[in-house]
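Peer 1: Quick one: structure below, then a few questions.
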Amino acid sequence: MSKDLEESLELSVDWNKLSKASASSDGLVPVAVQDIDSKELILVAYINELAFKESIQKKMLILWSSSRNELWIKGESSGNTFDLIEAYVNCEQNSFLFKVRPKKREYVIQKIKMVILETVIIDKLILKHWL
């Protein structure tokens, strides 16, 4: 994802993300990632069997990057990784909920508020940042 897109106030949804993600890898399912302490939703991403096994074995958040077609340790480049505390699968076994704890709480909460706490202004289809 480009920095321009992340900081834009224009709503630019990738409506083809799911089809692109499924075409880039065999066996992807969505995973909702939640901060176990604050209960905030951090992101919804994709995971394959390899990423799932690595996450469980290493007890850390490891996802599948559908754009790079490789394992993705969330926060690795910034040093802001997440410990995997609990993992749940839904009754149909086609999605997961991972409850995680960020290693660097102060930075992550600030970043989450910048990324997650945005509202779509319905009549104009723009994003409003809540900082």
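When you line the sequence shown up against my numbering, it's residues 2 to 132, in that order.
The C-beta atom is built at its ideal place from N, Cα and C for all residues, glycine as well.
1. Would you decide whether tyrosine 89 is buried or exposed? Buried here means 16 or more other CB atoms lie within 10 Å of its CB.
2. Using DSSP with H/G/I as helix, E/B as strand and the rest coil, what is phenylalanine 99?
3. Less than 6 Å between the CB of glutamate 50 and some heavy atom of the ligand MG, yes or no?
4. Evaluate the contact criterion for the region 90-97 versus the region 70-79: three or more CB pairs, one atom per stretch, below 8 Å.
5. Could you have a look at glutamine 35 and say whether DSSP puts it in helix, strand or coil?
6. Give the range of the alpha helix (DSSP H) segment to which glutamate 50 is assigned.
7. Mind checking serine 20: buried by the 16 CB within 10 Å criterion, or exposed?
Peer 2: According to the structure data:
1. Numbered from 1 along the sequence shown, position 88 holds the residue referred to as residue 89. Under this definition tyrosine 89 is an exposed residue.
2. Residue numbering aside, residue 99 sits at position 98 when the sequence shown is read from its first letter. Strand at phenylalanine 99.
3. Ligands in the displayed structure: none, and consequently the ligand MG is not present.
4. No, the region 90-97 is not in contact with the region 70-79.
5. The residue given as residue 35 occupies position 34 in the sequence shown. In the three-state reduction of the DSSP assignment, glutamine 35 falls in the strand class, which pools E and B.
6. Within the sequence shown, residue 50 is the residue found at index 49, counting from 1. DSSP places glutamate 50 inside the alpha helix (DSSP H), whose first and last residues are 50-59.
7. Locating residue 20 in the sequence shown gives position 19, counting from the first residue. Per the 10 Å Cβ criterion, exposed.
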